[in-house]
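Presented below is the structure to which this report refers.
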Amino acid sequence: MPTAKKPASANDSQGATSERPKLLLIDGHSVAYRAFFALPAENFSTKTGQHTNAVFGFTSMLINVLRDEKPTHLGVAFDVSRKTFRSEVYTEYKANRSASPDEFKGQIDLVKEVLNALNILHVEKEGFEADDVIGTLATRAEAAGFDVLICTGDRDAFQLVSDSVTILYPRKGVSDLARMTPAAVAERYFVAPTRYPELAALVGESSDNLPGVPGVGPKTAAKWLESYDGLENLILHVNELKGKAAEAFRERVQDVERNRRINALVLDLELPLGIEDLQRRAWNREATHQLFDGLEFRVLRDRLLETLPAEDTTPEGGFEVSGTVLQPGELGAWLTAHATGVRTGIDAIGHWGSGTGDIAALALASGDGEAAYLDASELSPADENALAAWLANPEHKKAMHDAKGPLLGMWARGWDLQGLTSDTQLAAYLTRPDQRTFDLADLTIRYLKRELKVEAAAGGPELDQPALDLGDDDSGAAIAVEAAMVRASAVVDLADALDAEVEQHNGTSLLNGVELPLLRTLARMEQTGVAVDLDHLHALESE
Numbered sequence: 003m004p005t006a007k008k009p010a011s012a013n014d015s016q017g018a019t020s021e022r023p024k025l026l027l028i029d030g031h032s033v034a035y036r037a038f039f040a041l042p043a044e045n046f047s048t049k050t051g052q053h054t055n056a057v058f059g060f061t062s063m064l065i066n067v068l069r070d071e072k073p074t075h076l077g078v079a080f081d082v083s084r085k086t087f088r089s090e091v092y093t094e095y096k097a098n099r100s101a102s103p104d105e106f107k108g109q110i111d112l113v114k115e116v117l118n119a120l121n122i123l124h125v126e127k128e129g130f131e132a133d134d135v136i137g138t139l140a141t142r143a144e145a146a147g148f149d150v151l152i153c154t155g156d157r158d159a160f161q162l163v164s165d166s167v168t169i170l171y172p173r174k175g176v177s178d179l180a181r182m183t184p185a186a187v188a189e190r191y192f193v194a195p196t197r198y199p200e201l202a203a204l205v206g207e208s209s210d211n212l213p214g215v216p217g218v219g220p221k222t223a224a225k226w227l228e229s230y231d232g233l234e235n236l237i238l239h240v241n242e243l244k245g246k247a248a249e250a251f252r253e254r255v256q257d258v259e260r261n262r263r264i265n266a267l268v269l270d271l272e273l274p275l276g277i278e279d280l281q282r283r284a285w286n287r288e289a290t291h292q293l294f295d296g297l298e299f300r301v302l303r304d305r306l307l308e309t310l311p312a313e314d315t316t317p318e319g320g321f322e323v324s325g326t327v328l329q330p331g332e333l334g335a336w337l338t339a340h341a342t343g344v345r346t347g348i349d350a351i352g353h354w355g356s357g358t359g360d361i362a363a364l365a366l367a368s369g370d371g372e373a374a375y376l377d378a379s380e381l382s383p384a385d386e387n388a389l390a391a392w393l394a395n396p397e398h399k400k401a402m403h404d405a406k407g408p409l410l411g412m413w414a415r416g417w418d419l420q421g422l423t424s425d426t427q428l429a430a431y432l433t434r435p436d437q438r439t440f441d442l443a444d445l446t447i448r449y450l451k452r453e454l455k456v457e458a459a460a461g462g463p464e465l466d467q468p469a470l471d472l473g474d475d476d477s478g479a480a481i482a483v484e485a486a487m488v489r490a491s492a493v494v495d496l497a498d499a500l501d502a503e504v505e506q507h508n509g510t511s512l513l514n515g516v517e518l519p520l521l522r523t524l525a526r527m528e529q530t531g532v533a534v535d536l537d538h539l540h541a542l543e544s545e
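Encoded structure:
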């Protein structure tokens, strides 16, 4: 087998500086397995029945570490199987471990899919463990002047710790990571990191089924190692030791030597990649969104978008909206100029439910790129007539997202909505009924590859589009207005994209002939309500 080398000691390394590149290495199996037991499997599963608690926990940890540590390079190592050179040396190595729970099966493959979507390289080596891969990469990176972070729940990795190599060791699940520096290792185990595997050889490691010397704990082992300057010299002078623990040690010297051979990490593996290959890369936006949709990781996706560097989260293309806040008396002219020959996206602001509602404002986005925002409380009589006529005219094509609720609000104001040629929520359902969510933001990402959001910038709120002059300095109102026009613009663009998707699924006649008319029918049913015979119900209650 390849030879095991000693990593640089704490005294051999230079202190970390902010200018040094930083490599993050993750033990994929170790972290995923800990995540599996930290999160109840019954609380994390998809509609298809696939458990995802390990994937969720791993991805959550990854996002947190990327946010907090900001590594320049990143890689994940996996075990191939339980059969390694160590199990050949000692057939009982890890033999005490039970088979993986059924709920865990398939989740490592899903973790790898997440890594692939995020363009994070992962590597494994037949006959060796993830720790050996990590040890090899960490040693090379340290020699190249990197600071190295290793996220693993395997204590064998403590032997790698130095001034420039730190272990992020899970204390509780995978959300609380202890920073194991040379000082932290010494405080907990009473030895320097380079001595840790010698201490572990004496004490044993139950998780690896490596028995230690009875009666020898970390303090005794550390005292012996310090007194004799390491395990090799300690064994040479084993007959000088006194007490029952010493007698037990003399009876088990060969076991201790075997333990030390087994827990030594291999640091010179031949790997298919080098440190330079691990530089962080832009993630595959479409693949990530599709995968997170399937895994039903909405919250994690939002956290991921917030964590990645700005250049990676910039929407692809964005929504170029030329917006106008209409003043009283301006609506009729705007509708004539922009909303008669092309489809118009509508975003309604208001409240609805229990068969009624109200419209506080509307944002309109024309297919010609122009958008407008109108406050329903400021409509002039001429505006009111123009809007009602335009909404009721079936010749003027319109698109909305989840139109049933706003329709109740329109009816409450005496308006009717005709000419609705697309409800993007319904259209998306017809193309992919198995999607977890049909939110406008998710659909915009999936079909337009653009993110629906209003960003903040220097000096206060700023938007992706030019800021609006609302006649005062109410930046919060400006954001709300701009967001409404962006949603309306997204609806009209999304409707065009979904028209093609629906057609490909042979669903156009179903959308136009069934779903859109049914939308109005359901809204009318809500508006009308259901007659209830209260006397009969009271009679039933009294029986």
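Everything in the sequence shown is counted per our numbering, starting at 3 for the first residue and increasing by one. Think of the CB as a built atom: it goes at the ideal place given N, C-alpha and C, for glycine as much as any other residue. From a predicted model like this one, the values you see are computed outputs, not experimental measurements.
- Inclusion of LEU204 and ALA186 in the CB contact set at 8 Å is not warranted, their separation being larger than that value.
- If you look at VAL67, you'll find it in the alpha helix (DSSP H) that goes 55-71.
- Note that the C-beta distance between MET402 and LEU432 is not below 8 Å.
- Contact annotation: the region 207-219 does not touch the region 227-238, with fewer than three C-beta pairs closer than 8 Å.
- The three-state reading of DSSP puts PRO330 in coil, since its state is none of H, G, I, E or B.
- For GLY509, the number of other beta carbons within 10 angstroms of its own is at least 16, and it is reported as buried.
- Using a Cβ distance threshold of 8 Å, TRP413 and LEU393 do not count as a contacting pair.
- Distance from SER491 to ALA367 at the Cβ level is roughly 4 Å; contact confirmed, criterion being Cβ atoms closer than 8 Å.
- In this structure LEU25 touches VAL150 by the C-beta definition: roughly 5 Å separates them, less than 8 Å.
- Within the DSSP bridge table, the entry for ARG181 names LEU170 as partners.
- Residue burial annotation: THR338 is exposed, with fewer than 16 other C-beta atoms found within 10 angstroms of its C-beta.
- Sequence-distant partners of ARG345 (beyond 5 residues in either direction) whose C-beta falls short of 7 Å from its own C-beta, in its chain, are GLY369, LYS399, LYS400, ALA401, THR423, VAL494 and ALA497.
- Under the three-state reduction of DSSP output, TYR375 falls in the strand class.
- For GLN420, the closest alpha carbon among the candidates ARG434, THR358 and PRO519 is that of PRO519.
- By the neighbour-count criterion, in which 16 or more other beta carbons inside 10 Å mark a residue as buried, GLU528 falls on the buried side.
- With contacts defined as CB atoms closer than 8 Å, GLU105 and ALA43 qualify as a contacting pair.
- Distances from the alpha-carbon of GLN161 to those of GLY175, TYR191 and PRO172 put TYR191 closest.
- When the five nearest sequence neighbours on each side are left out, the beta carbons in the same chain lying within less than 6 Å of the beta carbon of PRO408 are those of ALA350, in order along the chain.
- Residue burial is scored here from C-beta neighbours: ALA159 has at least 16 other C-beta atoms within 10 angstroms and is therefore classed as buried.
- Of the candidates MET487, ASN55, VAL323 and LEU76, LEU76 places its Cα closest to the Cα of LEU280.
- Annotation for ALA363: the continuous beta strand (DSSP E) segment containing it runs 358-368.
- Close CB contacts of MET487 within its chain, under the 7 Å cut and outside five residues either way in sequence, are with VAL323, GLY325, ALA365, ALA367, ALA373 and TYR375 (chain order).
- Sequence-distant partners of ASP81 (beyond 5 residues in either direction) whose C-beta falls short of 6 Å from its own C-beta, in its chain, are HIS31, GLU131 and ALA132.
- When C-beta atoms of the region 78-92 are compared with those of the region 290-301, fewer than three pairs fall below 8 Å, so the two segments do not count as touching.
- Distance from the CA atom of LYS72 to the CA atom of ASN66, rounded to whole angstroms, is 10 Å.
- In this structure, the beta-carbon distance from LYS96 to ASP210 falls below 8 Å.
- Distance from the CA of ASP29 to the CA of CYS153, rounded to the nearest whole angstrom, comes to 6 Å.
- Here the alpha carbons of ALA480 and ARG157 stand approximately 54 Å from one another.
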